[in-house]
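Below you'll find the structure, written out as structure tokens, and then a few comments.
Protein chains: 2
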Amino acid sequence: MFVILVYDVNTKRVNKVLKKARKYLNWVQNSVLEGEISEANYRKLKMELQNVINEEEDSCLFYTFRTTKYSQRESLGIKKGGDDMII
Amino acid sequence: MFVILVYDVNTKRVNKVLKKARKYLNWVQNSVLEGEISEANYRKLKMELQNVINEEEDSCLFYTFRTTKYSQRESLGIKKGGDDMII
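These protein sequence lines map, in sequence, to chains A and B. Mapped onto the working numbering, the consecutive letters of the first sequence carry residue numbers 30 to 116. Mapped onto the working numbering, the consecutive letters of the second sequence carry residue numbers 30 to 116.
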């Protein structure tokens, strides 16, 4: 399955969230990661994030797709994405 | 078509970007909007955002889908979404 993750967490926890998420997904833009992931790893990812975030302050949004073919990804402005960027 | 928009813009321009985007899409979470949109309105939205953002500093990411049926949207933590929330 294909997953897009958008997180909105307190800056104190951004690094932890990012570290967990990058184990499974590729960083695309500030607060956004995406990638192909197995059902099992998706469950793991959610559990790991749940352990890191403060559920009363933070939020993580997942869009999941059965196929890798989302019709298009377009961007305006600077391209921030890239696997190797560290934010 | 269905669009997910994730923006990452300088705080100076967040309100302008949000105002433009909310004309066409529904706010879901900090920096994330989504919704059903016509091809024509999608082009308009991109043009309007392009006029508002600083292309050297800001970025807007669009995922577009031919169908409204993305298989799932899940969230962890607090639910920030809601059409009527103003951030």
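Yeah, the Cβ is synthetic: ideal placement off N, Cα and C, and Gly gets one too. A quick note: this is a predicted structure, and the numbers were derived from the prediction, not measured.
Whose C-beta lies closer than 8 Å to the C-beta of MET114 (chain A) among residues of the same chain, with five residues either side of it excluded? At MET114 (chain A) the pLDDT is 41, less than 50, meaning the model places this residue with poor confidence; the figure from the coordinates comes in the next sentence. Counting only Cβ-Cβ distances below 8 Å, and skipping sequence neighbours, we find TRP56.
Using a cut-off of 8 Å between C-beta atoms, extract the partners of ARG72 (chain A) located in chain B. Per Cβ cutoff of 8 Å: no residues; ARG72 (chain A) is ~11 Å from chain B at best.
Bridge partners for TYR92 (chain B) per DSSP, in chain order? According to DSSP, TYR92 (chain B) bridges with A:ARG102 and B:ILE33.
Against ASN59 (chain A), what residues of chain B qualify as contacts under a CB-to-CB distance less than 7 Å, listed in chain order? Ordered by position in chain B, the residues that pass the 7 Å Cβ test against ASN59 (chain A) are ASP37.
Is the segment 87–98 of chain B touching the segment 31–40 of chain B in the sense that three or more CB pairs, one from each, lie closer than 8 Å? The segment 31–40 of chain B and the segment 87–98 of chain B touch, with no fewer than 3 CB-CB distances between them shorter than 8 Å.
If we define contact as Cβ-Cβ less than 9 Å, is SER67 (chain A) a contact residue for chain B? Residue contact check for SER67 (chain A) against chain B: no CB pair falls below 9 Å.
Are the CB atoms of ARG72 (chain A) and LEU62 (chain A) within a distance shorter than 9 Å? No, the pair does not count as a contact, with Cβ atoms beyond the cut-off.
Min CB distance ILE115 (chain B) to chain A below 9 Å: Residue confidence is low: ILE115 (chain B) scores 40 on pLDDT, short of 50, so the model does not pin down where it sits. Its coordinate-derived value is still stated next. Residue-level contact check: ILE115 (chain B) does not touch chain A, since none of the beta carbons of chain A fall below 9 Å from its beta carbon.
Flag this pair as yes or no: are the beta carbons of GLY106 (chain A) and SER88 (chain B) separated by less than 9 Å? Cβ atoms of GLY106 (chain A) and SER88 (chain B): closer than 9 Å.
As a quick exercise: from B:GLU103, B:THR96 and B:ARG102, pick the residue whose alpha carbon is nearest that of GLN101 (chain A). Closest in C-alpha terms to GLN101 (chain A), from the list B:GLU103, B:THR96 and B:ARG102, comes B:THR96.
Report the three-state DSSP secondary structure of VAL38 (chain A) (helix, strand or coil). In the three-state scheme derived from DSSP, where H, G and I count as helix and E and B as strand, VAL38 (chain A) is classed as coil.
Assigned secondary structure, LEU62 (chain A) (DSSP; H/G/I helix, E/B strand, else coil): Three-state result, LEU62 (chain A): strand.
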